[in-house]
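Numbering (our numbering), first residue to last: 23 to 642.
So, in structure tokens, the structure goes:
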């Protein structure tokens, strides 16, 4: 649903902008065109205005180049017509860009000293260039522009992870185009400046100084600020109902301003909401104790797409242990599970809370799985080989902190030794597993692995480098073959780690659930044939989902295996996991619903699977 399908709102936004544009133009145009009429204070100021025209021209040219690059990615917004949608986006965005460019122009021309003007010109140009590089990269790789979601993802990471992402996913090819655009824009703007200076020198005309225009000039600045804030703020509020329309119809500078403000507000709400999450109202909570004395383990994998696992049909035998468990009938394989996002934070904040995909409320206003289990009488353990902290706020660490016991086997973000990361492989979690609850209470052991997170070659010991470049079925003939080989080997090692965790509980009455937070794009996105990494693409959300039942558990609960097996071929989106898991354990709250339990015969398998992530929409 886009703004173009709501003519009243569309006309209102356009009318409001035009109203302010009229007020905006009343003052500056006479300042330039009719200096005697408005009694300009000096000839020097008029000359500065004219000579400074290169700055707004440079900014406008860059914004126009970005629009050409971005418009093909904004088809979702088009509404009734692709062309009308493009025209609407372009008109609104360029209009806002004109206002920002004009504001920078006037600020740039205020000082009389050339050094101050040079500083301001460099500041405004530098900010525009950096923003152009950032948004061009985001569009090239992820098909999106700058947003508060980008900032939340950055805030949730750490120096080690960021370094690995940069090394594995970032290439300089997406930067070639914006560099050429910057060069072309600068050449045109500075060439016109040089032509004007030559023309002015030949004319050698003087304009008589005028007086009494300081107040008028200040008023013009105030009007420009009103244009840049009020309509944009209203647009931001109104367009929240229409998804990504806000980001599409405003200028890069608007996105920088308002999304940064939105990020600051969001982080504050997250930090304030932690205590509320501990005491969130679950309604009347009941627990039927369906699986008494059962060791329950939830293994959360990382960046693993199921079609690169032999147990899901991949031609190379990189999951021998899981294959064996499937053959013996001790494990159930769910064939059509997708994650609710293509990145860890957006995915697991839904998987591990009661938040459903598309919910208008943020994740921190929903009960977490760890909180529900604790209130239901379980001891909850969280063992992780992920980073212990993020840069500002890490939602996963917040969710983990609500468990009764939290252990990070290698808090790399504290010691800062990124090179040592390769020596702390996922098997490090094996020594920190728990096998009973406190004071005889039932327990749930969460295990969060590093899995196949980029850089893939750092996720497995050398002895697990079983598959070489020549073994990979899909051959590119370049460095991509090695990357795929490393990924396949990381899956091979992950098979060993997961099977070892299962083996630790196999002699008990144990239920072990394994799934990945999201998949991975591995050079199979036609729009980005050289890209590997996280993203909203079918391959980026297709995940394994496996359930192990120990022999003694199957013997004690003979109806459990058939119950779990009945839905193994049904379409599932894993934002339902907390709902399904609680219902499976007999935990009832005001949030639980049998239709959301994919382990139950009451499961609604016709539920739409719509993923909204990082400003994009994917229907599966």
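From the three backbone atoms N, C-alpha and C, an ideal C-beta is built for every residue, glycine too.
If you compare alpha carbons, which of 88, 342 and 403 is closest to residue 155?
Looking from the CA of residue 155, the closest CA among 88, 342 and 403 belongs to 88.
How would you call residue 297, buried or exposed, if buried means at least 16 neighbouring beta carbons within 10 angstroms?
exposed
Quick one: is residue 303 buried, meaning 16 or more other Cβ sit within 10 Å of its Cβ, or exposed?
exposed
Looking at the structure shown, is residue 200 part of a helix, part of a strand, or coil, going by DSSP?
helix
Candidates 77, 159, 173 and 388: closest to residue 120 by CA position
77
Coarse secondary structure for residue 568, derived from DSSP in three states:
strand
How would you label residue 221, buried or exposed, when you count the other beta carbons within 10 angstroms and need 16 or more for buried?
exposed
Taking one C-beta from the segment 545–563 and one from the segment 339–355 each time, how about it: are there three or more such pairs within less than 8 Å?
no
Please report the residue range of the beta strand (DSSP E) in which residue 408 lies.
No beta strand (DSSP E) holds residue 408; DSSP gives it neither H nor E.
Using only CA atoms, which one of 83, 167, 134 and 563 lies nearest to residue 369?
563
In this structure, does DSSP put residue 451 in helix, strand or coil?
helix
For residue 327, does the count of other Cβ atoms within 10 angstroms reach 16, so buried, or fall short, so exposed?
buried
Whether residue 391 touches residue 405 by CB criterion (8 Å)
Not in contact: residue 391 and residue 405 (Cβ atoms no closer than 8 Å).
Output needed for residue 118: all residues of its chain with C-beta closer than 6 Å, excluding positions within five of it in sequence on either side, in chain order.
272, 273 and 276
Exposure of residue 114, with buried meaning 16 or more beta-carbon neighbours within 10 Å
Per the 10 Å Cβ criterion, buried.
Provide the residue span of the beta strand (DSSP E) that contains residue 379, from first to last.
No beta strand (DSSP E) holds residue 379; DSSP gives it neither H nor E.
If you draw a straight line from the C-alpha of residue 504 to the C-alpha of residue 620, how long is it?
For residue 504 and residue 620, the distance between alpha carbons rounds to 38 Å.
How would you label residue 548, buried or exposed, when you count the other beta carbons within 10 angstroms and need 16 or more for buried?
exposed
Near residue 48, what residues of its chain come up, given a Cβ to Cβ distance below 6 Å and the 5 sequence neighbours on each side ignored?
Only weak support is given to the placement of residue 48: the predicted model assigns it a pLDDT of 46, under 50, and the value that follows is read from those uncertain coordinates. Once the five neighbours on either side are set aside, residue 48 has no close Cβ partner at all.
Run through DSSP, which three-state label would residue 465 get?
DSSP places residue 465 in strand when its eight states are reduced to three.
N- and C-terminal bounds of the alpha helix (DSSP H) containing residue 422
Where residue 422 is concerned, the enclosing alpha helix (DSSP H) stretches over 417–423.
Which residues does DSSP list as the beta-bridge partners of residue 533?
The partner list for residue 533 (beta bridge, DSSP) reads 318 and 571.
Bounding residues of the alpha helix (DSSP H) (the contiguous stretch that carries residue 299):
274–300
Taking its Cβ as the centre, do 16 or more other Cβ atoms sit within 10 Å of residue 460, making it buried, or is it exposed?
exposed
Can you grab the Cα-Cα spacing for the pair residue 622 / residue 162, in whole Å?
42 Å
Is it buried or exposed, residue 372, if we count other Cβ atoms within 10 angstroms and call 16 or more buried?
buried
Please report the distance separating the alpha-carbon of residue 363 from that of residue 626.
Residue 363 and residue 626 have their C-alpha atoms some 21 Å from each other.
In this structure, what does DSSP give as the bridge partners for residue 354?
569
Around the C-beta of residue 417, are 16 or more other C-beta atoms found within 10 angstroms, so that it is buried, or is it exposed?
buried
Taking the C-alpha atoms as reference points, what is the distance between residue 169 and residue 283?
10 Å
Backbone secondary structure at residue 207 - three-state DSSP
helix
Under the rule that 16 or more other beta-carbon atoms within 10 Å means buried, what is residue 439, buried or exposed?
With a pLDDT of 45 at residue 439, under the threshold of 50, the predicted position of this residue should be treated as unreliable, and no value is reported.
Distance between beta carbons of residue 337 and residue 495, contact taken as under 8 Å
5 Å between Cβ atoms; contact.
Segments of 3+ residues assigned as beta strand (DSSP E) that fall wholly inside the segment 601–640
632–635
Per-residue DSSP class, three states only, for residue 538
strand
Classify residue 580: buried if its beta carbon has 16 or more other beta carbons within 10 angstroms, exposed otherwise.
exposed
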